[in-house]
Ligand SMILES: NC(=O)c1ccc[n+]([C@@H]2O[C@H](COP(=O)([O-])OP(=O)(O)OC[C@H]3O[C@@H](n4cnc5c(N)ncnc54)[C@H](O)[C@@H]3O)[C@@H](O)[C@H]2O)c1
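In this note's numbering, the protein residues as written are -14 to 239.
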């Protein structure tokens, strides 16, 4: 694990922190000196973090990002621990076989549900946390979109719509709060190997196809993207706002 104190003095809130990219980012942030509120709708296994000596450097919070009241409860947990959030990573998202149906076959129920988690969840995260950042005149928000928030594909309608909404909502927020020294950027991962994609990648031919369509020749690991999020969270990116950081093994360059 790296330890260059790139996030010394920072307090981060990461959603979807229990798995995949959110967990890897939490681990990296901890190793770089940040305190982390690890939020997830599901219980988080923190045994590895405790074994690595981070027991007093994080707090886990049960949070459904699409639930406004849940965000309020999270805020009171943060306040009662006397912490100020200066980094917000809106990472949680829902993706399953039903969100991957084409437009005509996407049910209205799945549309509503996935928009609520994947788009409204990001809106609520910023709506609740940015006022705290404004008070302290410092903040970095990183919204996890996708390559599928920039281009279409044969898979999914609602996932594209939600991820696309993050891309421009990020820019609006970046402009609206730049004068408060709150930066807002989006990250656009390509195909990653996580719990979200495990079943899909294990279907005959899918992993091979994704490896082949990625110019660097492989599906990414969460750490490949976590390093980009680390840069945007740190003061190294203090002149970066409203940008789209694509980390995709070259997929979108084609
Ligand atoms: N895996 C990929 O190929 C890929 C590609 C591009 C972008 N992404 C994006 O990266 C982010 C992380 O995905 P991942 O691949 O690590 O997935 P993952 O399934 O491994 O982790 C997602 C986490 O979010 C949590 N979560 C789901 N719904 C939630 C809710 N309503 N409230 C709070 N937490 C919730 C889950 O419990 C899980 O811990 C997502 O935004 C995803 O869309 C993933």
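Cβ coordinates follow ideal geometry from the N, Cα and C atoms, glycine included. Just so you know, these numbers come straight off a predicted model, no measurement behind them.
Check this for me: beta carbons of residue i and residue j, under 8 Å apart or not?
| i | j | result |
| --- | --- | --- |
| residue 136 | residue 158 | no |
| residue 132 | residue 236 | yes |
| residue 211 | residue 60 | no |
| residue 2 | residue 87 | no |
| residue -3 | residue 218 | yes |
| residue 129 | residue 50 | no |
| residue 155 | residue 170 | yes |
| residue 27 | residue 71 | no |
| residue 43 | residue 11 | yes |
| residue 54 | residue 0 | no |
| residue 107 | residue 214 | no |
| residue 208 | residue 9 | yes |
| residue 174 | residue 124 | no |
| residue 146 | residue 100 | yes |
| residue 244 | residue 172 | Given a span of -14 to 239 for the chain in the structure shown, any question on residue 244 remains unanswerable. |
Between residue i and residue j, what straight-line distance do the alpha-carbon atoms span, to the nearest angstrom?
| i | j | result |
| --- | --- | --- |
| residue 144 | residue 239 | 21 Å |
| residue 69 | residue 190 | 47 Å |
| residue -7 | residue 17 | 7 Å |
| residue 177 | residue 83 | 19 Å |
| residue 35 | residue 92 | 42 Å |
| residue 225 | residue 234 | 22 Å |
| residue 180 | residue 19 | 25 Å |
| residue 22 | residue 223 | 22 Å |
| residue 104 | residue 201 | 30 Å |
| residue 149 | residue 14 | 26 Å |
| residue 117 | residue 160 | 17 Å |
| residue 56 | residue 115 | 12 Å |
| residue 140 | residue 94 | 18 Å |
| residue -10 | residue 187 | 38 Å |
| residue 162 | residue 227 | 10 Å |
| residue 244 | residue 46 | Nothing can be reported for residue 244, as the shown portion of the chain is limited to -14 through 239. |
| residue 220 | residue -12 | 16 Å |
In the DSSP output, which residue or residues are listed as bridge partners for residue i?
| i | result |
| --- | --- |
| residue 125 | 72, 168 |
| residue 21 | -3, 43 |
| residue 229 | 171 |
| residue 205 | 177 |
When you measure from the CB of residue i to every non-hydrogen atom of ligand 1, does any distance come out below 7 Å?
| i | result |
| --- | --- |
| residue 240 | Nothing in the structure corresponds to residue 240, since the chain is present only between -14 and 239. |
| residue 182 | yes |
| residue 152 | no |
| residue 82 | no |
| residue 129 | yes |
| residue 25 | yes |
| residue 0 | yes |
| residue 179 | yes |
| residue 6 | yes |
| residue 51 | yes |
| residue 211 | no |
| residue 28 | no |
| residue 110 | no |
| residue -3 | no |
| residue 197 | no |
| residue 230 | no |
| residue 202 | no |
| residue 237 | no |
Under 7 Å from any heavy atom of ligand 2, does the C-beta of residue i make it?
| i | result |
| --- | --- |
| residue 189 | Judged by which ligands are present, ligand 2 is missing from the structure shown, whose ligands are ligand 1. |
Under a CB-based cut-off of 8 Å, is residue i close to chain D?
| i | result |
| --- | --- |
| residue 164 | The chain inventory of the structure shown lacks chain D, comprising one protein chain alone. |
Legend entry - At least three beta-carbon pairs within less than 8 Å, the region 78 to 98 to the region 35 to 49: Counting Cβ pairs under 8 Å, fewer than three are found: no touch.
Inset, instruction - Could you tell me whether the region 155 to 173 touches the region 190 to 202, where touching means 3 or more Cβ pairs closer than 8 Å? - result: no
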